[in-house]
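Taking it in order: structure first as structure tokens, then the write-up.
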Amino acid sequence: MIRFNKTIFTLPVLVAALSSCGGPGSEEPVVLNPEAVAAGKVLVASGRDSVIACVGCHGANGEGNTELGYPRLAGLHPKYIEKQLHDFKRDPLRMGVSIEPIARDYSKTPRIYKDLTVYSPGTRHDAAMNAIAKEMTNEEVINVANYYGSLAFEATPVPNDFQSLERGLELAVRGKPEYMMPRCDACHGPRGEGFGEHFPPLAGQPIKYIVSQLNKWQNGKRDNDHLSMMKNTANLLTDADKILIAKYYANQSFKVNK
Ligand code: HEC
Ligand code: HEC
Numbered sequence: 008m009i010r011f012n013k014t015i016f017t018l019p020v021l022v023a024a025l026s027s028c029g030g031p032g033s034e035e036p037v038v039l040n041p042e043a044v045a046a047g048k049v050l051v052a053s054g055r056d057s058v059i060a061c062v063g064c065h066g067a068n069g070e071g072n073t074e075l076g077y078p079r080l081a082g083l084h085p086k087y088i089e090k091q092l093h094d095f096k097r098d099p100l101r102m103g104v105s106i107e108p109i110a111r112d113y114s115k116t117p118r119i120y121k122d123l124t125v126y127s128p129g130t131r132h133d134a135a136m137n138a139i140a141k142e143m144t145n146e147e148v149i150n151v152a153n154y155y156g157s158l159a160f161e162a163t164p165v166p167n168d169f170q171s172l173e174r175g176l177e178l179a180v181r182g183k184p185e186y187m188m189p190r191c192d193a194c195h196g197p198r199g200e201g202f203g204e205h206f207p208p209l210a211g212q213p214i215k216y217i218v219s220q221l222n223k224w225q226n227g228k229r230d231n232d233h234l235s236m237m238k239n240t241a242n243l244l245t246d247a248d249k250i251l252i253a254k255y256y257a258n259q260s261f262k263v264n265k
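Those letters in the sequence shown? Residues 8 to 265, by my numbering.
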């Protein structure tokens, strides 16, 4: 618990330190390399040998796949994309301790999940993406990151009932102070539009994807966040919370590079 409290109290310092700039509103424009964008475009559309073309899953314009829960990549910060591909690439077995996640009963809510699981720090587990990322060269990683960073995106808000949206909003802008859980918008931006290279957008991501990532932080299959700030947050969400928050962000209108 001591470690968790520290994370909360140092949050503003942390956000300022992790971001490349002073604070919301003063965000620096993303600088892209045109040659990398062009090379990335080719790999994304056609793939290479054992690197499967990205378009099949992430969509023709990087919009993702709502039905299957594949994330949107269009307009994400290139540095964030690079980091994720390296986290998928990293060999889980050589990263120290790897223990089966502890089974937990999420039906008894609300409760605090005291998480002692150590999986493979610094890694993300997904069969498809682990296999694809491992085949990519560092240059290819930079190229696809630049290409996706250059794409425009506009979200179509997914309707939801008022009561559910209210509860989702509460989690987003208030968090759960009674459990020391920070609000999502403190890191992900006022409308979940993301902030800088470290804090990805939640708006415009498939509901299924948001829920799956929150589950992965809880069961240890995603363990790549600085200072476990997402893990500590996710561990305080119930199954119902995860759906409410995902649907709240899916309801936001949002555009980037347009
Ligand atoms: C077979 C389907 C499939 C293909 C092909 C595919 N991806 Fe993915 N990608 C996924 C899935 C599923 C996830 C979510 C993984 C998870 O749950 O951690 C993902 C996640 C990602 C992420 C993390 C996004 C985020 O918001 O954190 C990046 C970056 C990414 N893929 C890049 C690529 C690139 C670049 C290619 C092409 C070279 C590619 N993917 C090809 C299915 C695919
Ligand atoms: C203390 C800062 C912080 C807070 C508060 C926070 N997040 Fe995050 N979140 C992060 C960081 C940092 C990442 C990226 C981690 C990485 O490098 O992969 C992230 C990533 C995510 C992702 C994955 C996005 C993607 O594209 O893969 C989801 C989903 C997410 N957060 C949901 C939430 C929700 C829901 C809340 C509120 C209940 C929340 N976060 C609160 C810092 C935070």
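A virtual CB, placed ideally from N, CA and C, is assigned to each residue, including glycine. None of the values given here were measured: they were computed from a predicted structure.
Requested in this report: Compare the Cα-Cα distances from N226 to each of D56, I214, N239 and report the closest residue.
Outcome: Ranked by how close their Cα comes to the Cα of N226, the residues D56, I214, N239 have N239 in first place.
Query raised in the report: Using the beta-carbon count (16 or more within 10 Å), is H233 buried or exposed?
Result: Its Cβ having fewer than 16 others within 10 Å, H233 is exposed.
**Report entry** Pairwise C-alpha distance: D94 and V51
**Finding:** The alpha-carbon atoms of V51 and D94 are separated by roughly 19 Å.
Query raised in the report: For the 8 Å Cβ check, are there 3 or more pairs between the region 163 to 173 and the region 47 to 61?
Result: Verdict: no, contact absent.
Report task. Might you give, ordered along the chain, the residues of its own chain that have their beta carbon closer than 7 Å to the beta carbon of R190, omitting 5 neighbours on each side? Result -> The beta carbon of R190 sits closer than 7 Å to those of A179, V180, R181, G182, all from its chain and outside the five residues before and after it, given in chain order.
Query raised in the report: So does the region 206 to 216 actually touch the region 141 to 158, counting three or more Cβ pairs closer than 8 Å?
Result: The region 206 to 216 is not in contact with the region 141 to 158.
Query raised in the report: Quick one: Cα of D246 to Cα of E42, how far?
Result: Whole-angstrom Cα-Cα distance: 44 Å.
**Report entry** Buried versus exposed call for T130 [16 or more other C-beta atoms within 10 Å across all chains shown]
**Finding:** With 16 or more other Cβ atoms within 10 Å, it is buried.
Query raised in the report: Ordered along the chain, which non-local residues of its own chain (more than five positions away) have a Cβ less than 7 Å from that of S57?
Result: If we look at S57 and ignore the five residues flanking it on each side, its Cβ neighbours are E142.
Query raised in the report: Relative to the C-alpha of I202, which residue among G175, P85, Y216 is closest?
Result: Note on residue identity: the sequence assigns Phe, not Ile, to residue 202. Closest in C-alpha terms to F202, from the list G175, P85, Y216, comes P85.
Query raised in the report: Going by other Cβ atoms of all chains shown within 10 Å of its Cβ, with 16 needed for buried, is L243 buried or exposed?
Result: Answer is buried; the Cβ neighbour count reaches 16.
**Report entry** Outcome for Y186 when other beta-carbon atoms lying within 10 angstroms are tallied against a minimum of 16
**Finding:** By the neighbour-count rule (16 or more Cβ atoms within 10 Å), Y186 is not buried but exposed.
**Report entry** Bounding residues of the alpha helix (DSSP H) (the contiguous stretch that carries K90)
**Finding:** 85 to 96 is the span of the alpha helix (DSSP H), which, as asked, contains K90.
Requested in this report: Verify whether the separation of the beta carbon atoms of E74 and P213 is less than 9 Å.
Outcome: It is a contact, given that the beta carbons lie within the stated cut-off.
Report task. Could you say which of M136, G71, G76 lies nearest to K96 if we only look at CA atoms? Result -> Of the listed residues, the one whose Cα sits closest to K96 is M136.
Requested in this report: Taking only heavy atoms of ligand 2 into account, decide whether any of them is closer than 8 Å to the Cβ of H84.
Outcome: The nearest non-hydrogen atom of ligand 2 is 8 Å or more from the C-beta of H84.
Query - Cβ pair A162, V218 closer than 9 Å - result: No. Outside cutoff.
Query raised in the report: Any heavy atom of ligand 2 closer than 8 Å to the Cβ of I214?
Result: No, Cβ of I214 sits at least 8 Å from all heavy atoms of ligand 2.
**Report entry** Boundaries of the alpha helix (DSSP H) in which Q225 is found, first to last residue
**Finding:** In the DSSP assignment, Q225 falls within the unbroken alpha helix (DSSP H) covering 214 to 226.
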